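Visitor: Here you go, one structure.
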Amino acid sequence: MIEGHVHPDFWRVAKVFERILPRSGNGGAAICVYHRGEKVVDLWGGTRDEHGTPWQADTLSLSYSTTKGVASTLLHVLADRGLLDYDEPVAHYWPEFAAAGKEEITVRQLMCHEAGLYSIRAVVDDARQMLDWDYMVDALAHATPAHIPGTAHGYHALTYGWLVGELAQRVTDKPFGELLQTLLAVPLDLDGLYVGLPENQMERRAQLIPSTKRNDSRQLGRTVRNAKRLNRAFKALRIPIDLAKGAEALMPKNMQDLDLNSKAAAAACIPALNGIFTARSLAKLYAVLANGGRFDGVTLLSRETLERATEVQNRGVGKVIPIPMHWRLGYHRVATIGHKTPRAFGHSGYGGSGAWADPDRNLAVGLTLNSGVGTPFGDLRIVRIGTAACDAAKHR
Numbered sequence: 002m003i004e005g006h007v008h009p010d011f012w013r014v015a016k017v018f019e020r021i022l023p024r025s026g027n028g029g030a031a032i033c034v035y036h037r038g039e040k041v042v043d044l045w046g047g048t049r050d051e052h053g054t055p056w057q058a059d060t061l062s063l064s065y066s067t068t069k070g071v072a073s074t075l076l077h078v079l080a081d082r083g084l085l086d087y088d089e090p091v092a093h094y095w096p097e098f099a100a101a102g103k104e105e106i107t108v109r110q111l112m113c114h115e116a117g118l119y120s121i122r123a124v125v126d127d128a129r130q131m132l133d134w135d136y137m138v139d140a141l142a143h144a145t146p147a148h149i150p151g152t153a154h155g156y157h158a159l160t161y162g163w164l165v166g167e168l169a170q171r172v173t174d175k176p177f178g179e180l181l182q183t184l185l186a187v188p189l190d191l192d193g194l195y196v197g198l199p200e201n202q203m204e205r206r207a208q209l210i211p212s213t214k215r216n217d218s219r220q221l222g223r224t225v226r227n228a229k230r231l232n233r234a235f236k237a238l239r240i241p242i243d244l245a246k247g248a249e250a251l252m253p254k255n256m257q258d259l260d261l262n263s264k265a266a267a268a269a270c271i272p273a274l275n276g277i278f279t280a281r282s283l284a285k286l287y288a289v290l291a292n293g294g295r296f297d298g299v300t301l302l303s304r305e306t307l308e309r310a311t312e313v314q315n316r317g318v319g320k321v322i323p324i325p326m327h328w329r330l331g332y333h334r335v336a337t338i339g340h341k342t343p344r345a346f347g348h349s350g351y352g353g354s355g356a357w358a359d360p361d362r363n364l365a366v367g368l369t370l371n372s373g374v375g376t377p378f379g380d381l382r383i384v385r386i387g388t389a390a391c392d393a394a395k396h397r
């Protein structure tokens with residue numbers, strides 16, 4: 002059963018949302034859309050766990066890489082306040098970062114994935130080390146770039162969060178989770194925007210529901226073997242893509258031993274992976290960005306800073322994912338079917354979640370869910386939802 006409300010002009014979104022909910026078994030989702038400052042879609046349905054517990058209006062859901070867009074927005078707010086400059090070296094704010102030849106890497110290069118620090122396997126021996134903020138920050142400060150920074154880009158699928166998060170902490174001397182609340186959640190009156198979930202919010206979260214009963218470690222091994230076969234094919238065809246880079250960035254050792262449903266994983270601060278959000282909060286945050294940085298009497302950041310933050314920095318195929326992502330500073334391009342969205346920006350996640358803003362339409366979308374898998378940057382569910390939202394906005 003789907004609950005919530007939808008503006009009549011956006012019935013297409015409700016129809017698509019109904020189709021993406023699991024038709025058998027468990028799994029749920031929530032969708033929220035803002036258009037021209039009005040909340041036109043606010044729907045939820047399905048189940049929040051394998052026991053069939055209904056998804057509620059306030060259910061929180063782990064959203065994988067959708068977290069990166071939220072973390073990036075926080076950094077842009079700090080830049081707008083003059084606490085950092087995109088073209089200053091990261092080491093200016095974080096002196097230890099200068100180790101191993103990284104003294105000239107700029108904040109801009111970090112945020113558009115040009116720093117060459119994408120290899121999670123180079124900095125952890127076991128995925129469970131990712132729960133330790135201090136360990137990860139120290140390891141990345143001493144890491145060596147995989148290429149000359151600024152000469153190429155490669156998706157920092159997991160490392161991005163600690164790099165950006167520690168930078169935020171260095172310029173404010175405050176914990177990342179606290180900054181998220183004081184600079185984003187409280188001013189915008191958001192009902193669920195966490196990276197590092199407090200104990201008193203644990204009962205609100207949905208549990209991730211596996212899409213298969215097969216052993217996770219066997220699946221991981223199968224993925225690696227398939228990547229090796231594709232690599233051999235690419236080399237034979239002289240296609241300059243190396244999927245081994247993707248494994249380095251996306252699959253830390255013993256990832257199957259890290260239980261993302263555990264309280265320990267939910268409470269940890271991993272700003273590239275474990276943001277736990279409501280769709281309502283994601284959509285409202287991006288509604289501010291779609292509206293030039295100001296919304297409902299609150300100015301989050303200036304239009305000038307927003308324009309700098311969303312300017313495309315690179316367009317080619319990267320070293321980690323073989324698709325041009327048109328990286329902005331922490332955001333990527335938005336995919337829809339049949340609609341041009343050249344200035345739209347946002348971030349999607351592995352489990353299918355996503356959130357984005359389109360300033361040309363003054364449109365913002367947020368999707369959270371707890372079942373199914375896709376690519377490291379979303380799947381067709383967020384594409385279908387976004388397409389329906391653009392369809393509706395066009396005729397409104």
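Going left to right, the sequence shown walks through residues 2 to 397 as the working numbering numbers them. Beta carbons: idealized from backbone N, C-alpha and C, even for Gly. Predicted model only: the values in this text are computed from it and were never measured.
Kindly give me the distance between the Cβ atoms of Gly-151 and Glu-115, rounded to whole angstroms, as I take these residues to be in contact under 8 Å.
Guide: With a Cβ gap of about 5 Å, Gly-151 and Glu-115 count as contacting.
Visitor: Please report the distance separating the alpha-carbon of Gly-293 from that of Asp-258.
Guide: Computed Cα separation, rounded: 42 Å.
Visitor: Assign Pro-360 to one of two classes, buried (16 or more other C-beta atoms within 10 Å of its C-beta) or exposed (fewer than that).
Guide: Buried: at least 16 other Cβ atoms inside 10 Å.
Visitor: If you run the structure through DSSP and keep just helix, strand and coil, what is Asn-292?
Guide: Residue state, collapsed to three classes: coil.
Visitor: Distance, Cα to Cα, Thr-183 vs Phe-177?
Guide: Distance between the alpha carbons of Thr-183 and Phe-177 is about 10 Å.
Visitor: Checking 7 Å against the spacing of the C-beta atoms, do Gly-70 and His-340 come in under that value?
Guide: Not in contact: Gly-70 and His-340 (Cβ atoms no closer than 7 Å).
Visitor: Starting from His-77, follow the alpha helix (DSSP H) in both directions and report where the run begins and ends.
Guide: His-77 -> alpha helix (DSSP H) spans 67–81.
Visitor: If you draw a straight line from the C-alpha of Val-108 to the C-alpha of Asp-86, how long is it?
Guide: The alpha-carbon atoms of Val-108 and Asp-86 are separated by roughly 7 Å.
Visitor: Do Phe-278 and Ser-64 have their C-beta atoms closer together than 7 Å?
Guide: The answer is yes: Cβ separation under 7 Å.
Visitor: Under three-state DSSP, which class holds Glu-308?
Guide: Glu-308: helix per DSSP, three-state reduction.
Visitor: Run through DSSP, which three-state label would Arg-49 get?
Guide: Note: Arg-49 maps to coil in three-state DSSP.
Visitor: Assuming Leu-194 contacts Asn-262 (C-beta within less than 8 Å), just tell me the rounded distance between them.
Guide: Not really, about 20 Å apart at Cβ, beyond 8 Å.
Visitor: Three or more C-beta pairs closer than 8 Å, one from the region 319–339 and one from the region 30–48: is that the case here?
Guide: The answer is no - the region 30–48 does not touch the region 319–339, with fewer than three Cβ pairs under 8 Å.
Visitor: List, from N- to C-terminal side, the beta strand (DSSP E) runs of 3 residues or more that fit wholly inside the region 143–206.
Guide: Qualifying beta strand (DSSP E) stretches, in chain order: 194–196.
Visitor: Tell me whether the beta-carbon of Ala-158 lies closer than 7 Å to the beta-carbon of Ala-250.
Guide: In this structure, Ala-250 lies closer than 7 Å to Ala-158 by Cβ.
Visitor: According to DSSP, Trp-29 sits in a beta bridge with which residue or residues?
Guide: As written in the sequence, residue 29 is Gly, which differs from the Trp given in the question. Note: Gly-29 sits in a beta bridge opposite Gly-47.
Visitor: Taking the C-alpha atoms as reference points, what is the distance between Pro-343 and His-52?
Guide: In a straight line, the C-alpha of Pro-343 is about 42 Å away from that of His-52.
Visitor: Classify Ala-390 as helix, strand or coil using the three-state DSSP reduction.
Guide: It is helical.
Visitor: Contact criterion: CB-CB distance below 7 Å. Does Gly-26 meet it with respect to chain C?
Guide: Protein chain content of the structure displayed is limited to a single chain, and chain C is not contained in it.
Visitor: What did DSSP end up calling Val-17 once you bin it into helix, strand or coil?
Guide: Here Val-17 sits in helix by DSSP.
Visitor: Go ahead and pull the three-state DSSP assignment for Ala-1.
Guide: No information on residue 1 is available, as it lies outside the stretch 2 to 397 that the chain covers here.
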